[in-house]
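Counting from 1 along the sequence shown, just add 2 to a position and that's the residue number in our numbering. Notes for the one structure printed next.
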Amino acid sequence: AFNDKIRTYLRDHINASNKAEGYTSARNTGEIFAFSYPDSFLYNSGKGGNYTSGRIDIVKLFAWIGVFILLVASINFMNLSTARSERRAKEVGVRKVIGANKTSLMAQFLVESILISLIGMVLATILVFIVLPFFNELVGKQLSLSLLSFPTWLFLIGFALFTGVLAGTYPAFFLSSFQPIKTLKGKFVSKTRGLSIRSILVVIQFSLAIILIIATVIVAKQIQYTKQRDRGYNENGLLYSSIKGDLEKNYKILRDELLASNAVVSVSKNMSPVTDFYSNGWGFTSGTPTEQDKRISYNRFSTDADAVKNLGLTLIQGRDIDIYKFATDSTALILNESAVKSLHLKNPVNSIVDGDGTKWTVVGVVKDFIMGSPFGDNKPMVILGPQAWFTTIHYRLNTNNNIADNLKTIESIFKKFNPDYPFEYQFIDKTYEEKFKETKAIGTLAMVFAGLTIFISCLGLLALIAYMAETRMKEIAVRKVLGASATQVTSLLSTDFIKLVVIAIFIATPIAWWAMDKWLQDYSYRIEIQWYYFVIAGLLAILISMATISYQAIKAALGNPVDSLRDE
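Rendered as structure tokens:
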């Protein structure tokens, strides 16, 4: 409502004033609005004050992954509870004979499930305190968990109760539905139904695990692909320092002493670090622009001299800006390739470009280089002469000298002309690497969660194959007596589970493709999803499940059939 009032005021007052000065609404692509500052850290993507996405999407992503892992663990509990049902069948039968009804039995099994969940909550809380420092290091934040807060305990206990009910409802219903006469006679008739439900749950488990494996592979490939992208400048030995205190006033003599010191080979004063841009906007035009041309946004950069040489840019046409050689270069301009296209310049050098209330003369054209996100497209860029403003000094170290000696010399010169401020610097290659920090953290967390999901799924699979081997012990013994080899018995026990994993692969593949394709749409510079990513994930899932199954299957196959048939 408040933003609506702002828009109304602008329409009735400011826009009317602009029209009087010949400023048309067609060129007005900006908008003023109010937005909650705390919300800006998570909701940093949107338009016109309606910011509903951004970093919050990452939080939601991992919240869903947490839900997946909880679901996998709950499925394990359901599978193992129903797999052990024969052992508790007589208990259910006896309880029903002495008067217990289905509701009381369900309540008993639910309470057992909730108690297990509460114990798990305590263990999980202890584990969080152990793992939290490593997690903080990974994400670069200082998160903490306070157990003195009532809402925290309320959430933990409530969530544990919810998980206990979620995981325990089906087993409670399943176990309490046994018929006492049949169970007491040892006629357990629910095997087929139980097996089919357990099969479905195993498929769901491995589908979730395979989706996370595919996601991990694609995130890793996207990071690798982007890191191999040509940056357009030479970051080796390139550093920058922010202009503070007396550095602006003493810059010329500072520059001369740096170059004379032999610690650096080149110096330039710029609007921002080459890894980022501090200013962008529309308004740069040439010739007879259309209204659409007037609304094209340009990233701004600036230099006093030697930017092309110092930053290692690739000069395609013309020359570098150098105010110390050419007095008229205060309004000189260098364009990148994208800007030349946007301005429709066939012969850009010596062309006149209007912008920021100044007529700029184009003296050179450079190859596109990455200033913003390495995952995005290269934007049109203007490198302005020294009539623009500056915040940064770039300098390239002399690689013939020791780096520590170079820095010591540079520090002494900076302190000489700016004694009230500490000497601070950043390596460009380290600054560029920071651009991948968030995406690498996503990839690492996805890998950890995928591993955790696979581990939990395999624990469940191991327990199920052990249970199956136990319940089919006499069948296995008879087969061995009749001549079945250990390989045949192993195949007998393994085949059904491998089939379930294959089914999970076919279910997970389209879901993972859809989800990761949607994720990649956020990046202009992105990989194409390849078919072999899914093959890798599928083979990995099969190999892990086979390794899990094989131990118990081989153990059962190598057992002595006499021991199993002794009671018959």
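We treat Cβ as the ideally placed atom computed from N, Cα and C, and that holds for glycine. In this text, all values refer to a predicted model and were calculated from it rather than measured experimentally.
### Message
So, at 7 Å on beta carbons, what are the nonlocal neighbours of serine 201 in its own chain, with the 5 sequence-adjacent residues on each side left out?
### Response
Contacts found: Leu502.
### Message
Does the structure place the stretch 217-224 close enough to the stretch 521-530 that three or more beta carbon pairs sit under 8 Å?
### Response
yes
### Message
So, under 8 Å CB-CB, serine 243 and tyrosine 434 are touching, yes? Tell me the CB distance rounded to an integer number of Å.
### Response
A Cβ-Cβ distance of about 17 Å is found for the pair serine 243 and tyrosine 434, leaving them out of contact under the 8 Å criterion.
### Message
With distance defined between alpha-carbon atoms, name the residue in Phe79, Thr550, Lys520 and Ile220 nearest to serine 119.
### Response
Phe79
### Query
Of all the CB atoms in chain C, is at least one closer than 8 Å to the CB of lysine 437?
Among the chains in the structure shown there is no chain C, since it carries only a single protein chain.
### Task
Go ahead and label arginine 195 buried or exposed: buried means 16 or more other beta carbons lie within 10 angstroms of its beta carbon, across all protein chains shown.
Per-residue confidence for arginine 195 stands at a pLDDT of 45, beneath the threshold of 50, marking its modelled position as unreliable; no derived number is given.
### Backbone CA spacing between threonine 10 and isoleucine 121 [nearest angstrom]
Threonine 10 and isoleucine 121: Cα-Cα distance of roughly 58 Å.
### Query
Whose C-beta lies closer than 6 Å to the C-beta of serine 27 among residues of the same chain, with five residues either side of it excluded?
Here serine 27 scores only 46 on pLDDT, less than 50, and its place in the model is too uncertain to base an answer on.
### 8 Å contact criterion, which isoleucine 213 and phenylalanine 451 should meet: CB distance rounded
Isoleucine 213 to phenylalanine 451, Cβ: 11 Å. No contact.
### Range covered by the beta strand (DSSP E) that runs through serine 146
Per DSSP, serine 146 lies in no beta strand (DSSP E) segment and is marked neither H nor E.
### Query
Should tyrosine 300 be labelled buried (16 or more other beta-carbon atoms within 10 Å of its own) or exposed?
buried
### Message
Taking 8 Å as the limit between beta carbons, can you name the residues of its chain near leucine 134, skipping five residues before and five after?
### Response
Leu145, Ser146 and Leu147
### Task
Could you check if leucine 315 is buried or exposed, using at least 16 other CB atoms within 10 Å of its CB as the buried criterion?
buried
### Task
Check whether the Cβ atoms of arginine 398 and glycine 283 lie closer than 8 Å to each other.
no
### Query
Nearest CA to the CA of valine 124: which residue from Thr441, Thr154 and Leu542?
Thr154
### Query
Which class does methionine 373 belong to by DSSP, given the choice of helix, strand or coil?
coil
### Message
Rounded to whole angstroms, what is the Cα-Cα separation between aspartate 498 and alanine 488?
### Response
Straight-line Cα distance between these residues: approximately 17 Å.
#### Entry: Runs of beta strand (DSSP E) lying entirely within the stretch 364-422, each at least 3 residues, in chain order
383-386 and 394-399
### Message
Can you tell me whether valine 269 is helix, strand or coil according to DSSP?
### Response
strand
### Query
Which of helix, strand or coil does DSSP assign to lysine 361?
strand
### Query
If we call anything under 8 Å between Cβ atoms a contact, is leucine 256 one with phenylalanine 419?
yes
### Message
Nearest by alpha-carbon distance to alanine 75: which of Ala558, Phe180, Ala162 and Val480 is it?
### Response
Ala162
### Message
As a quick exercise: from Val365, Lys361, Lys327 and Gly357, pick the residue whose alpha carbon is nearest that of leucine 337.
### Response
Val365
#### Entry: asparagine 264 burial status per 10 Å Cβ neighbour count (16 or more: buried)
So asparagine 264 counts as exposed.
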